[in-house]
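What follows is one structure encoded as structure tokens, with my remarks underneath.
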Amino acid sequence: MKRNVDFTEISDNKTYSSGDMCKVSTGGCAGCHECCAFSDGTIFLDPYDVYELSHNLNLSFKEMLGRFISLTVVDGVVTPVLMQKDNACFFLNKEGRCDIHSFRPGYCRMFPLGRIWESEDSFKYFVQVHECPNIQSKIKIKSWLNIENIKDY
Ligand code: SF4
Ligand code: SF4
1 MKRNVDFTEI SDNKTYSSGD MCKVSTGGCA GCHECCAFSD GTIFLDPYDV YELSHNLNLS
61 FKEMLGRFIS LTVVDGVVTP VLMQKDNACF FLNKEGRCDI HSFRPGYCRM FPLGRIWESE
121 DSFKYFVQVH ECPNIQSKIK IKSWLNIENI KDY
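Here you go:
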């Protein structure tokens, strides 16, 4: 997705690889669910996210569409996105926790990291320094994402 922002204003002006340490750990979020509550139309799903949702919820893409996935157009490409319920992410429960935490989308796993693309098939991570009020400590990016076979992913 193309964003018309100054990289130096939204980041610490550094980029990272998955083996790097960076200050992004929120210590388990400690009851906060701010980014899930204000997720309106921002949780974009990649093919692996859709596969994980479909596989774990035992629903076809068609069955998920309109129920908690809608389609939007990003940079000319039709893209699935998580829908909202009661002004928050569809999967944020009454206790303020994520109902699909173990298979939450990559976008949620990353936050407050972002990705900056260097070419069509290569990207780096960066810290979105103004997006999370609870960043506490450094962690290896690979551990933060906690995705098996991250290279393949
Ligand atoms: S805003 Fe930060 S601390 Fe709060 S839920 Fe999101 S990532 Fe966790
Ligand atoms: S899927 Fe889970 S982690 Fe992601 S925005 Fe929704 S409630 Fe939050």
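Residue numbering for the sequence shown follows the working numbering, starting at 1 and increasing by one per position. For every residue, glycine included, the Cβ atom is placed at its ideal position computed from N, Cα and C.
Cβ-based neighbour list, L45, same chain, cut-off 8 Å, excluding 5 preceding and 5 following: L53, I69, T79, P80, V81, L82, P105 and Y107
Beta-ladder partner(s) of Y125, from DSSP: Y16 and R115
R67 beta carbon near ligand 2 (any heavy atom closer than 7 Å): no
First and last residue of the uninterrupted beta strand (DSSP E) at K155: This structure leaves residue 155 out entirely; the chain is present only between 1 and 153.
Euclidean distance between Cα positions of H55 and S119: Spanning the two alpha carbons is a distance of roughly 31 Å.
Beta-carbon gap between G19 and K140 smaller than 8 Å: yes
DSSP-derived helix/strand/coil call for P80: strand
Spatial neighbours of F126 in its chain, beta-carbon cut-off 6 Å, leaving aside the 5 residues before and after: S11, T15, G114 and I116
heavy atom of ligand 1 below 7 Å from N134 C-beta: Yes; taking the cut-off as 7 Å, the Cβ of N134 has a heavy atom of ligand 1 nearer than that.
Endpoints, alpha helix (DSSP H) assigned at L71: Run containing L71: none in the alpha helix (DSSP H); it sits in the beta strand (DSSP E), I69 to V74.
S10, DSSP secondary structure in three states: At residue 10 the sequence reads Ile, which differs from the Ser that was named. In the structure shown, I10 sits in a helix (DSSP, three-state: H, G or I).
L57: CB within 7 Å of a non-hydrogen atom of ligand 2: no
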